[in-house]
Amino acid sequence: MSLIPTSDMQNIEKFKTCMLTKITRQPFKDVVRESKVLDLIHSDLCDFHATPSLGNKKYVVTFIDDAYRYCYIYLLHSKDEALDKFKIYKQVELHKNELIKVLRTDRGGEYYDPVYFESTGIIHQTIAPYTSQQNGVAERKNRTLKEMVNSMLSYSGLSEGFWGEAMLTACYILNRTPNKRSKNTPYELWCKNVPNLSYLKIWGCREVVRLTEPKRKTLGERGIDCIFIGYDEHSKAYRFYSTAQAEDVSGGATFVPEPRKSTRARKAKSFEFDFQLYLVEGTRNETISQHQYCFNIEEDPKTFSEAMASRDVHFWKEVIHDEIDSIMHNNTWVLVDLPPGCKALGCKWILKRKMKVDGTIDKYKARLVIQGFRQKEGIVFCNTYAPVSRISTIRLLLLLALTAIHNLVIHQMDVKIAFLNGDLDEEIYMKQPEGFVMPGNEHKVCKLKKSLYGLKQYNDFFNSFYCQ
Numbered sequence: 001m002s003l004i005p006t007s008d009m010q011n012i013e014k015f016k017t018c019m020l021t022k023i024t025r026q027p028f029k030d031v032v033r034e035s036k037v038l039d040l041i042h043s044d045l046c047d048f049h050a051t052p053s054l055g056n057k058k059y060v061v062t063f064i065d066d067a068y069r070y071c072y073i074y075l076l077h078s079k080d081e082a083l084d085k086f087k088i089y090k091q092v093e094l095h096k097n098e099l100i101k102v103l104r105t106d107r108g109g110e111y112y113d114p115v116y117f118e119s120t121g122i123i124h125q126t127i128a129p130y131t132s133q134q135n136g137v138a139e140r141k142n143r144t145l146k147e148m149v150n151s152m153l154s155y156s157g158l159s160e161g162f163w164g165e166a167m168l169t170a171c172y173i174l175n176r177t178p179n180k181r182s183k184n185t186p187y188e189l190w191c192k193n194v195p196n197l198s199y200l201k202i203w204g205c206r207e208v209v210r211l212t213e214p215k216r217k218t219l220g221e222r223g224i225d226c227i228f229i230g231y232d233e234h235s236k237a238y239r240f241y242s243t244a245q246a247e248d249v250s251g252g253a254t255f256v257p258e259p260r261k262s263t264r265a266r267k268a269k270s271f272e273f274d275f276q277l278y279l280v281e282g283t284r285n286e287t288i289s290q291h292q293y294c295f296n297i298e299e300d301p302k303t304f305s306e307a308m309a310s311r312d313v314h315f316w317k318e319v320i321h322d323e324i325d326s327i328m329h330n331n332t333w334v335l336v337d338l339p340p341g342c343k344a345l346g347c348k349w350i351l352k353r354k355m356k357v358d359g360t361i362d363k364y365k366a367r368l369v370i371q372g373f374r375q376k377e378g379i380v381f382c383n384t385y386a387p388v389s390r391i392s393t394i395r396l397l398l399l400l401a402l403t404a405i406h407n408l409v410i411h412q413m414d415v416k417i418a419f420l421n422g423d424l425d426e427e428i429y430m431k432q433p434e435g436f437v438m439p440g441n442e443h444k445v446c447k448l449k450k451s452l453y454g455l456k457q458y459n460d461f462f463n464s465f466y467c468q
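Per the UniProt record's numbering: the sequence shown = residues 1 to 468.
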């Protein structure tokens, strides 16, 4: 006989408290899908924002076919590039003679374009909030890729900046590796032939790459030290990271061979953005490989237009707008009509990539510089002053001495807009900067109220020495 009296199970209100306080999520059961190629594409975006890759990419997006589990992977500068990469991935429809039916993603918002999906007929499925298990194929692929990347970086001893190259290589290998779902590799199912694995190498190993004909000289070394960082998906070539500090291997250099029948100078070909050269310190390993290539680095843009046409346009836009915001926040100029008899000085953008010691990109910088070399002495300035020693320099030396004596720690900071705090007494006019001409006021010029990079006047401290 039970000591606890039986309850009326029909009166559910008596158990509501237990339901509210003890409710748990039901386990997710394995789903068996009999999908065909391109019926369902799983996609997910992963954030590596804390550690940019060699090409300063900060995100990675995957597209996985549910039927064959063949994976395409793309590195991104920003999240808003995800939909553009899907449009590129959509070209697989031409090779498979099938149409993509469903794209399944989380609710990140990077694919939010209902007009595009309606026009293509693709159903964009999104998972329920906080339920990543509903997109388990993509989530598991990202986990596997990141675990492989961590292992590859740890074993090779390379810096975290190589994660992008390691990620591409990891995806390349997984596509050619059997899994528990099928004895056949995804590559075999996708391409209908058995993959050739005889050319695989240890990622991160040191190699010596033979210089190409335009860069090879009669005298001197015929190869350069490199690090193996992956495979090219669309050509019979390895991908290497150069470890030699040699100017003659940089892109765009002209090589003049010894006189032969023709005296025409041979020039190195440009292979566009897929081929980049990164230079770092390294050691020599006398192992020669075939089907190898290195890369030509993209030079810093010299104009605003070149920056907008660069593959790193998103980063250039960010630093350029940051510079303009700093200038406008400090009321550096006002737009006025150019007075009669006055000439407006020109201006240009100085754009520069700051590199780390290991050859990776540290940050992008942009400065708006006025063409102060056109200023005429005695009209818009009196004297220029180049100090040899300043009291602030003496104070800095004293600070360093005290730090060494008392074993203190120094923190350095950079005041980006310190130069813009110098007020101007002279009337100086400048043309509106390229890319930021005010609509409807194209005929107006900028009357400077404060100092700007490139002026003969430096700042208020030095202006106190002028015209005395």
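By construction, the Cβ of each residue, glycine as well, lies at the ideal position given by its N, Cα and C atoms.
Candidates the options: closest to residue i by CA position
i: V149; options: P129, I122, F48 and N331; result: F48
i: N441; options: H321, T393, L338 and K343; result: L338
i: N175; options: C71, S53, L396 and D113; result: C71
i: R210; options: S242, R181 and D232; result: S242
i: L145; options: E207, A67, A307 and I173; result: I173
i: Q134; options: K90, M328, H42 and D84; result: H42
i: E427; options: H234, K343, S119 and K87; result: K343
i: Y231; options: G223, K183, E165 and L20; result: E165
i: R143; options: E188, L219 and V60; result: V60
i: K444; options: L397, L400, I361 and W333; result: W333
Residue i versus residue j - alpha carbon distance
i: F28; j: A170; result: 28 Å
i: E93; j: L38; result: 8 Å
i: S35; j: N97; result: 16 Å
i: F240; j: E147; result: 22 Å
i: M413; j: T393; result: 16 Å
i: W163; j: D322; result: 28 Å
i: M152; j: E160; result: 10 Å
i: K447; j: N331; result: 10 Å
i: K236; j: H314; result: 31 Å
i: L455; j: L424; result: 10 Å
i: F117; j: T126; result: 13 Å
i: K141; j: I410; result: 44 Å
i: E81; j: E110; result: 8 Å
i: L54; j: P186; result: 28 Å
i: K201; j: H124; result: 39 Å
i: V115; j: W190; result: 30 Å
i: R367; j: Y429; result: 18 Å
i: F15; j: Q26; result: 19 Å
i: M328; j: R222; result: 53 Å
i: E258; j: Q245; result: Reliability of the predicted coordinates at E258 is poor, the pLDDT of 37 falling under 50, and no value is obtained from them.
i: P439; j: I122; result: 40 Å
i: K180; j: L40; result: 20 Å
i: L452; j: W316; result: 20 Å
i: T212; j: Y199; result: 21 Å
i: residue 480; j: E188; result: Here the chain has residues from 1 to 468 only, and residue 480 is not among them.
i: T177; j: G157; result: 25 Å
i: I88; j: R104; result: 17 Å
i: F304; j: E434; result: 7 Å
Whole-number beta carbon distance between residue j and residue i, since they are thought to touch under 8 Å
i: K365; j: V319; result: 6 Å
i: G346; j: K431; result: 5 Å
i: D312; j: H77; result: 7 Å
Proximal residues to residue i (C-beta, below 8 Å), its chain only, five neighbours per side dropped
i: F436; result: I324
i: R107; result: T126, I127 and P129
i: L75; result: S53, G55, K57, Y59, V60, G164, M167 and L168
i: T51; result: E160, G161 and W163
Local conformation of residue i per DSSP, three classes
i: T105; result: strand
i: F117; result: helix
i: K85; result: helix
i: K356; result: coil
i: E160; result: helix
i: I410; result: coil
i: R210; result: strand
i: A128; result: coil
i: Y172; result: helix
i: A237; result: coil
i: T21; result: helix
i: I224; result: strand
i: K57; result: coil
i: H42; result: strand
i: S242; result: strand
i: D312; result: coil
i: residue 481; result: No information on residue 481 is available, as it lies outside the stretch 1 to 468 that the chain covers here.
Same chain, Cβ closer than 7 Å to residue i, neighbours up to 5 away in sequence not counted
i: D300; result: L351, K352 and R353
i: F228; result: K201, W203, G204, C205, E207, Y238 and F240
i: T403; result: I410
i: D113; result: L83
i: I100; result: L38, I41, K90, E93 and I122
Beta-carbon proximity list for residue i, same chain, < 6 Å, skipping 5 on both sides
i: R69; result: P186
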